[in-house]
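A short worksheet on the structure shown next.
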Amino acid sequence: MPPTDTSATTGPGPGPGPVPPPDTDGEDTLDLELPDELVTLIASSPEADDAGDTRPGDLLAEMSDLLGHVADWGPVSTPAGVFHLVPVRIERDLPLLTRWMNDPVVAEFWELAGPEETTERHLRAQLSGDGRSVPCVGLLGGKPMSYWEIYRADLDPLARHYPARPHDIGVHLLIGGPADRGRGLGRTLLRAVADLAFGRRPACGRVVAEPDLRNIPSVAAFLGAGFRFSSEIDLPGKRAALMVRDRNLRHLL
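Residue numbering for the sequence shown is 3 to 255, as defined by our numbering.
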């Protein structure tokens, strides 16, 4: 049977996934230290002199987007049309994303069904962070049709559960509307986004994902997009399939 993507939803894992309410013991993407590369650069940078040299604080601002400005990654042509990742803006996107999160197919794996405040809390946890996770709306032919989380997997709690490598990039995806599911869009767009990550982030050698093992259509979509099944991993709240797309195999798979 060929891969399908009936639901094309990859529920989030321990990092940029469902954000626990305050005062819980849950993990989120904000509990890890800054990467060594950033700390080293800041510590070794000279103070500014009268010629205008860079101050450490300026370096921190420069590197605060640890994904290299996802807004600049696209647009890109795909077999399904022109695709563009656009970082979320709460005031513009919250009603649409809340509607998608309340779709029973999506809610089964994302667990964010409820009022707008539930989705907003999840989004703001990323938007107020240090740039290691960027929530995006996916536009296909100018139409919003998917939600993405692009994140630094090596700086995420996910890294505690697999042999992470520096600059690994992780992805979460949900296809918003039922009319866009079951058409192969998941695997088409996953391949396109992985290629964008490799093109825009030269240090990234792998793109990873951790869909729920129960979500067979999602796992199949990753396989169809050139990802390989690496292992099963136990994450908070789910047993996941670790899916990996390797830079050096991207033209073969």
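Backbone N, C-alpha and C fix where the C-beta goes; we use that ideal spot for every residue, glycine too.
Practice prompt. Out of 254, 223, 228 and 231, state which residue places its alpha-carbon closest to the alpha-carbon of residue 12.
Written response: Locating residue 12 in the sequence shown gives position 10, counting from the first residue. Ranking 254, 223, 228 and 231 by Cα distance to residue 12 puts 223 first.
Fill in: Segment contact, 8 Å Cβ cut-off, at least three pairs: the segment 116–129 with the segment 158–172
no
Practice prompt. Flag this pair as yes or no: are the beta carbons of residue 228 and residue 142 separated by less than 8 Å?
Written response: The residue labelled residue 228 in the question sits at position 226 within the sequence shown. The residue labelled residue 142 in the question sits at position 140 within the sequence shown. No. Outside cutoff.
Item to complete: For residue 242, count neighbouring C-beta atoms within 10 Å of its own C-beta (all shown protein chains included) and say buried if the count is 16 or more, exposed if not.
Response: As a first step, residue 242 is located in the sequence shown; it is residue number 240 there, counting from the start. Buried, because 16 or more other Cβ atoms sit within 10 Å of the Cβ of residue 242.
Worksheet item: In whole angstroms, what is the alpha-carbon distance linking residue 133 and residue 154?
Response: Looking up residue 133 in the sequence shown gives position 131. Looking up residue 154 in the sequence shown gives position 152. Distance between the alpha carbons of residue 133 and residue 154: 9 Å.
Practice prompt. Drop a sphere of 10 angstroms on the beta-carbon of residue 196, count the other beta-carbons inside from all chains shown, and report buried for 16 or more, exposed for fewer.
Written response: Residue mapping note: residue 196 aligns to position 194 of the sequence shown, counting from 1. Buried: at least 16 other Cβ atoms inside 10 Å.
Item to complete: With DSSP as the reference, please indicate the residues paired to residue 214 in a beta bridge.
Response: Stepping through the sequence shown from its first residue, residue 214 is reached at position 212. Answer is 242.
Worksheet item: Do residue 77 and residue 190 have their C-beta atoms within less than 8 Å of each other?
Response: Here residue 77 corresponds to residue number 75 of the sequence shown, with the count starting at 1. Here residue 190 corresponds to residue number 188 of the sequence shown, with the count starting at 1. No, Cβ-Cβ distance for residue 77 and residue 190 is not below 8 Å.
Practice prompt. Quick one: residues in its chain with C-beta nearer than 6 Å to the C-beta of residue 194, no 5 flanking neighbours on either side, listed in chain order?
Written response: Numbered from its first residue, the sequence shown carries residue 194 at position 192. Closer than 6 Å at Cβ, skipping near neighbours: 78, 80 and 85.
Worksheet item: Between which two residues does the beta strand (DSSP E) harbouring residue 174 extend?
Response: Here residue 174 corresponds to residue number 172 of the sequence shown, with the count starting at 1. Its beta strand (DSSP E) spans residues 171–177.
Worksheet item: Can you tell me the Cα-Cα spacing of residue 2 and residue 147, whole angstroms?
Response: Nothing can be reported for residue 2, as the shown portion of the chain is limited to 3 through 255.
Worksheet entry | Separation of residue 230 from residue 136, as counted between CA atoms | Locating residue 136 in the sequence shown gives position 134, counting from the first residue. Locating residue 230 in the sequence shown gives position 228, counting from the first residue. Taking the straight line from one Cα to the other gives about 24 Å.
Worksheet item: If you drop the 5 nearest sequence neighbours on each side, which residues of the same chain put their C-beta closer than 7 Å to that of residue 2?
Response: Only positions 3 to 255 of the chain appear in this structure, which leaves residue 2 out of reach.
Practice prompt. Using the Cα positions of residue 45 and residue 101, report the straight-line distance between them to the nearest angstrom.
Written response: If you number the sequence shown from 1, residue 45 lands on position 43. If you number the sequence shown from 1, residue 101 lands on position 99. Because residue 45 carries a pLDDT of 40, less than 50, the predicted location of this residue cannot be relied on, and the following value inherits that uncertainty. Distance between the alpha carbons of residue 45 and residue 101 is about 45 Å.
Discussion item. If I follow the unbroken alpha helix (DSSP H) through residue 111, where does it start and stop?
Written reply: Position 109 of the sequence shown, counted from the start, is the residue given in the question as residue 111. Residue 111 -> alpha helix (DSSP H) spans 106–112.
Worksheet entry | C-beta contact flag for residue 138 and residue 72 at 8 Å | Residue numbering aside, residue 138 sits at position 136 when the sequence shown is read from its first letter. Residue numbering aside, residue 72 sits at position 70 when the sequence shown is read from its first letter. Yes, the Cβ-Cβ distance between residue 138 and residue 72 is below 8 Å.
Worksheet item: Does DSSP put residue 188 in a helix, a strand or coil?
Response: For this step, residue 188 is matched to residue 186 along the sequence shown. Reduced to three states, the DSSP call for residue 188 is helix.
Discussion item. Taking its Cβ as the centre, do 16 or more other Cβ atoms sit within 10 Å of residue 116, making it buried, or is it exposed?
Written reply: Your numbering for residue 116 matches position 114 in the sequence shown. Exposed, because fewer than 16 other Cβ atoms sit within 10 Å of the Cβ of residue 116.
Worksheet entry | Three-way DSSP call (helix, strand, coil) for residue 124 in this model | Within the sequence shown, numbered from 1, the residue matching residue 124 stands at position 122. Helix at residue 124.
Worksheet item: Given that a residue counts as buried once 16 or more other Cβ atoms are within 10 Å of its Cβ, and exposed if not, what is residue 158?
Response: What you label residue 158 is simply residue 156 of the sequence shown in a count that begins at 1. That one is buried.
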